[in-house]
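Residue numbers (the numbering used here): 9 to 180. All C-beta atoms in this analysis are idealised placements derived from N, C-alpha and C, irrespective of residue type, glycine included. Since we're looking at a predicted model, the values are computed, not measured. First comes the structure, then the notes that go with it.
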């Protein structure tokens, strides 16, 4: 499988997935004695003739900053079905998570092993733009089930900041 999406953040554009992995690795090496949370989340916004999806990668060095990047996906029609939008957001996050699980998560974790006695840790999560309030509450079981079936922890609002805060900021 070729994974050749383009990612960007405020300081870099046109990053390949290999470049993203390098940035994540460098960020971990800067302070490997920390606890890290690597999360992926997607959000969307319906525009007049299209629906814009943003999928975010967010590496939080707990208590000491974060590094993140984004990927755009445009569907050339407005998607008004909440179920369809949330399902596509979940699929985009799963697709990216699968790439991490298959090829990179163990390598990132291996960096921290020598520092495990000093508190080093890496948690991997998928953040969903759904919560117990509003119309998305009916989708919690279905979407979180898809994530947990992958062996990944699913987070919903208010704990799913990568989706509802970071990715959301760039959907407009």
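Sequence-distant residues of the same chain with beta carbon closer than 8 Å to residue i, five excluded per side
i: residue 117; result: 130
i: residue 84; result: 57 and 58
Three-way DSSP call (helix, strand, coil) for residue i in this model
i: residue 180; result: coil
i: residue 43; result: strand
i: residue 50; result: strand
i: residue 165; result: coil
i: residue 88; result: coil
i: residue 172; result: helix
i: residue 129; result: strand
i: residue 134; result: strand
Enclosing alpha helix (DSSP H) for residue i [first to last residue]
i: residue 153; result: 148 to 156
i: residue 34; result: 25 to 38
Span of the beta strand (DSSP E) around residue i
i: residue 119; result: It is not in any beta strand (DSSP E) - residue 119 instead sits in the alpha helix (DSSP H) that spans 113 to 120.
i: residue 69; result: 59 to 69
i: residue 145; result: From DSSP, residue 145 is part of no beta strand (DSSP E); its letter is neither H nor E.
i: residue 80; result: 74 to 83
With 16 other Cβ atoms within 10 Å as the buried cut-off, status of residue i
i: residue 45; result: buried
i: residue 51; result: buried
i: residue 149; result: exposed
Beta-carbon contacts of residue i that lie in its chain and below 7 Å, excluding the five residues immediately before and after
i: residue 105; result: 48, 134, 158 and 160
i: residue 17; result: 76, 77 and 78
Would the stretch 148 to 164 count as touching the stretch 68 to 87 if we require 3 or more Cβ pairs under 8 Å? no
If contact is defined by three or more beta carbon pairs under 8 Å, each pair taking one atom from either stretch, is the stretch 13 to 24 in contact with the stretch 123 to 140? no
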